[in-house]
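Residue numbers (the numbering used here), protein chains in the order written: chain A, 923 to 1353; chain B, 7 to 403.
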């Protein structure tokens, strides 16, 4: 069985930045034909600026090349396995052609702000007129339904609005923190992708399409449901507690020896979840005298004396390398993990053994390695068939082959700048 | 009840704790019949993890369990007994999807590998979620959430550079594995439904986190750079969280948004030449902040949020659970759902991750331990009530 599970499904992907494109990336990895729809007037901002600056942004070997917008790393990863076309939806001729495309598609995904969705006539009601059984995903910041449907957000805003930021931080006093990435984006995107497939199943049964409206903030709140339940049940609001845990000690992140980039920035996470693990931990680190101290022998004692405990543990970890500590403790049955940076993950022996990273190529990018898919499928392995589409790369395939337009017609559209492969000035400014 | 997207789908759920249950919770919300198989006696260990209703530890009062198990049916079954295993195999024959998150090797120990189950039911999609996957040198390593975040890569980049890396809140790595397994399971099911051929889907909690990192891996893979912690700072400024009259707000200003901000705040300080370009603002962050603070301290969170949004500036609120329960947008969308439960009475639960127009999501209360034994064993499989008593005496259910 070589056919990927979503082969035969066609998706028109209007995603911008990360959340929207990530929906299409997941569907494309699973075999859907995902056509990324942009325009030479306005392209997905994750392509980066039209004129790239060496050293700024993420380009192969730091080289933006002649067409940087076809080379930027995050754009490549978030849009792998897709086709790409350009079409100016703001002009009647463009919209007309687009509608023909909708008629031969199954799903349309959009994460513009709601007023932009409506202006471009990419809302469900408009698209349903064009194709009655279409499945439409709208994923503006806080959903396209409700009093704040036109509100704007960045990825970071979602952590704040969802309730995550309030409980993330070093301590109650030191204020809320953001995570190291735009956490709401892949969270909302995965929720959306799964629901799109569910809607496809429903359409197969009944012939009916539908509208899926995702609030990125709500999709993220789902992932701290127990904190929400603690409030609705007990009126309790969780405190920011750094790396500590209410019922495990020691539980934290400890400095290790070495590291050159950045200097001395190696760490190990250790979590001792039972007295048995505590005894195993003490033995594994050579039973220094302090580990025999009565006050550390019980969970309550360890919780009460955590500052001292953490200090003593770090006096030991700092003498060892992160992987050394992890291996030593794991051998003893104690949960521990080196705090891996990007390089350490790319070079990680476990991931290498499992063939996690995958390779893909594109003439304008070269051959690159990307992180592997979100799951492994045994009968239909997920691979990178192609890296992300260059701007307008598949205009001819989509307009010519799928819509049956003549070469002459396509040329005319190019002349009128309804389609094209070269961005016009300002195409890189987010609308 | 309206037909739901997955009303015709049968799921067997051997999962426990967080990752697997979040995956099957999503399937249940979309209408699938999820039969959760729990160990006789204790059940899912999440039943003994807090927060508890009124802080009373009780297997039917865990908020964690409640949230993760809405809409499921619970039966108890001892898979270690041969009778229990035979009953399970009967259930497998009718299932579309099986989800489990035991340690690698446990299912094989029961004699329940995918190869065995596939023989009985070729269309079965089996999803296994484990800490590190079913192979590789870390396979049998122990994991807790902080270990998952360490090896997952998000922890290294979270927090301030001159301080210790910070673990993201709660159990995010486990939730992400469940969420992404839901997508993989749905895809495999959709394919199996067309071809009649199921497959085995494998999820690793560590790899899920590696896969969803935003820039760290790409920085290194593309140009050999290591992404480091940046605290609350962004590449542009202002970018981050600010204290105002009654709490924190979030602000992110790039490009033309700055002009809108200047027009709104309209003070000589904000119009200062020393912060009138993106580059100047990044170099003079303190001056930008000094120009913003008097305005922020003069206004409440709600004022800043709505006034900013009216000007299309993406201001956000740093919200507490209480803020969220009262949030007009969440309420208008019906996010919060009140559900009655025999042991806790009516409680407010988070509802749907999205609104579906034709096949609305449903949030149905979580099951009591073994609540559906009679329904599944007697009505479905044809055992008599006497049989149930015997099975109970033999500690099989």
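Just so you know, even glycine gets a beta-carbon here, dropped at the ideal spot from N, CA and C.
Assign residue 1353 of chain A to one of three DSSP states: helix, strand, or coil. Note that residue 1353 of chain A scores 46 on pLDDT, short of 50, meaning its location in the model is unreliable; the coordinates nonetheless yield the value given after this. In the structure shown, residue 1353 of chain A sits in coil (DSSP, three-state: anything other than H, G, I, E or B).
Whole-angstrom C-beta distance between residue 1257 of chain A and residue 42 of chain B, which should lie under 8 Å: Their Cβ separation, rounded to whole angstroms, is 26 Å, which puts residue 42 of chain B and residue 1257 of chain A out of contact at 8 Å.
Determine whether the Cβ of residue 965 of chain A lies closer than 7 Å to any Cβ atom of chain B. It does not; no Cβ of chain B falls within 7 Å.
Mind pulling the chain A residues with CB within less than 8 Å of residue 365 of chain B? Annotation: Cβ neighbours of residue 365 of chain B in chain A (cutoff 8 Å, chain order): 1120, 1121, 1124 and 1132.
On a Cα-Cα basis, can you pick out the residue from B/183, B/241 and B/166 that is closest to residue 215 of chain B? Nearest option by C-alpha distance: B/183.
Chain A residues whose Cβ lies nearer than 7 Å to that of residue 223 of chain B: Those within 7 Å of residue 223 of chain B in chain A are 1264, 1267, 1268 and 1293.
What does residue 1135 of chain A reach in chain B if we use C-beta pairs closer than 7 Å? Identification of chain B residues near residue 1135 of chain A by a Cβ-Cβ cut-off of 7 Å yields 360 and 361, ordered along the chain.
Considering only the alpha carbon of each residue, which of A/1255, A/1232, A/1266 and A/1226 lies closest to residue 1244 of chain A? Nearest in C-alpha terms to residue 1244 of chain A, of all of A/1255, A/1232, A/1266 and A/1226, is A/1266.
Buried or exposed by the 16-neighbour rule on C-beta atoms within 10 Å, applied to residue 1342 of chain A: Per the 10 Å Cβ criterion, buried.
So, for residue 1332 of chain A: in the same chain, excluding its five sequence neighbours on each side, which residues have a beta-carbon less than 8 Å away from its beta-carbon? Once the five neighbours on either side are set aside, the close Cβ partners of residue 1332 of chain A are 1317, 1318, 1321, 1322 and 1341.
I'd like the list of long-range same chain contacts for residue 382 of chain B, defined as Cβ closer than 8 Å, with 5 residues on each side in sequence excluded. Cβ neighbours of residue 382 of chain B beyond the five flanking positions: 41, 79, 81 and 97.
C-alpha distance - residue 1170 of chain A paired with residue 30 of chain B, whole-angstrom precision: A straight line joining the alpha-carbon of residue 1170 of chain A with that of residue 30 of chain B spans about 28 Å.
What are the residues of the region 210 to 235 of chain B that lie near chain A, defined by any Cβ-Cβ distance shorter than 7 Å? Within the region 210 to 235 of chain B, contact with chain A at the beta-carbon level (separation under 7 Å) is assigned to 213, 214, 216, 217, 218, 219, 220, 221, 222, 223, 224, 225, 226, 227, 228, 229, 232, 233, 234 and 235.
Ignore the nearest five residues each way along the sequence and tell me which others in residue 1046 of chain A's own chain have a CB closer than 6 Å to its CB. 1058 and 1133, listed in sequence order.
Hey, quick one: how far does the beta strand (DSSP E) through residue 1020 of chain A stretch, first residue to last? No beta strand (DSSP E) holds residue 1020 of chain A; the alpha helix (DSSP H) holding it covers 1014 to 1025.
Suppose contacts are defined by Cβ-Cβ distances below 7 Å. Is residue 1212 of chain A in contact with residue 1234 of chain A by that definition? Between residue 1212 of chain A and residue 1234 of chain A, the gap from beta carbon to beta carbon is short of 7 Å.
Run through the DSSP bridge pairs and tell me what residue 960 of chain A is partnered with. Answer is A/1008.
Which listed residue (A/924, A/1272 and A/969) has its alpha carbon closest to that of residue 213 of chain B: Of A/924, A/1272 and A/969, the residue nearest in Cα terms is A/1272.
Kindly indicate which three-state DSSP category residue 285 of chain B falls into: helix, strand or coil? In the structure shown, residue 285 of chain B sits in a helix (DSSP, three-state: H, G or I).
What are the boundary residues of the alpha helix (DSSP H) that includes residue 29 of chain B? Under the DSSP assignment, residue 29 of chain B falls in the alpha helix (DSSP H) whose first and last residues are 25 to 35.
Taking 8 Å as the limit between beta carbons, can you name the residues of its chain near residue 1353 of chain A, skipping five residues before and five after? Its pLDDT being 46, under 50, residue 1353 of chain A is placed unreliably by the model, and the measurement read from it follows with that caveat. Within the same chain, residue 1353 of chain A has close Cβ partners 964, 1034 and 1038.
Which runs of the beta strand (DSSP E) fall wholly inside the region 175 to 245 of chain B and span at least 3 residues, in chain order? Here the runs fully enclosed are 206 to 210.
Measuring CB to CB, does residue 1080 of chain A end up less than 7 Å from residue 1309 of chain A? No, the pair does not count as a contact, with Cβ atoms beyond the cut-off.
By Cβ distance below 7 Å, which residues in the same chain neighbour residue 95 of chain B in space, the five residues on each side in sequence not counted? Here the set comprises 126.
Can you list the beta strand (DSSP E) stretches of 3 or more residues lying completely in the region 1042 to 1068 of chain A, in chain order? Runs of the beta strand (DSSP E) inside the region 1042 to 1068 of chain A: 1057 to 1060.
Compare the C-beta of residue 1104 of chain A with all C-beta atoms of chain B and state if any pair is closer than 7 Å. So, interface residue.
Through-space distance from residue 180 of chain B to residue 151 of chain B, alpha-carbon basis: Those two C-alpha atoms are separated by around 7 Å.
If we cut at 7 Å on Cβ distances, does residue 188 of chain B have a partner in chain A? By the rule that beta-carbons nearer than 7 Å mark a contact, residue 188 of chain B touches chain A.
Which of the three DSSP states is assigned to residue 1339 of chain A in this structure? If DSSP states are grouped into helix, strand and coil, residue 1339 of chain A belongs with coil.
Would you check if the distance between the CB atom of residue 1202 of chain A and the CB atom of residue 1255 of chain A is smaller than 7 Å? Taking 7 Å as the Cβ cut-off, residue 1202 of chain A and residue 1255 of chain A qualify as a contacting pair.
Kindly say whether residue 1178 of chain A, judged by its beta-carbon, lies nearer than 7 Å to any beta-carbon of chain B. By this cut-off, residue 1178 of chain A is not an interface position.
Whose CA, out of B/232, B/376 and B/244, lies closest to the CA of residue 290 of chain B? Minimum Cα distance to residue 290 of chain B is reached at B/244.
For residue 345 of chain B: DSSP bridge partner residues: According to DSSP, residue 345 of chain B bridges with B/353.
Would you mind reading off the limits of the alpha helix (DSSP H) that contains residue 312 of chain B? In the DSSP annotation of this structure, the continuous segment of the alpha helix (DSSP H) that includes residue 312 of chain B starts and ends at 307 to 316.
Taking DSSP as the reference, what is the three-state secondary structure of residue 270 of chain B? Looking at residue 270 of chain B - three-state DSSP - the assignment turns out to be helix.
For the beta strand (DSSP E) that residue 93 of chain B lies in, which residues bound it at each end? Looking at the DSSP string, residue 93 of chain B is not in any beta strand (DSSP E); the run it does join, the alpha helix (DSSP H), is 88 to 100.
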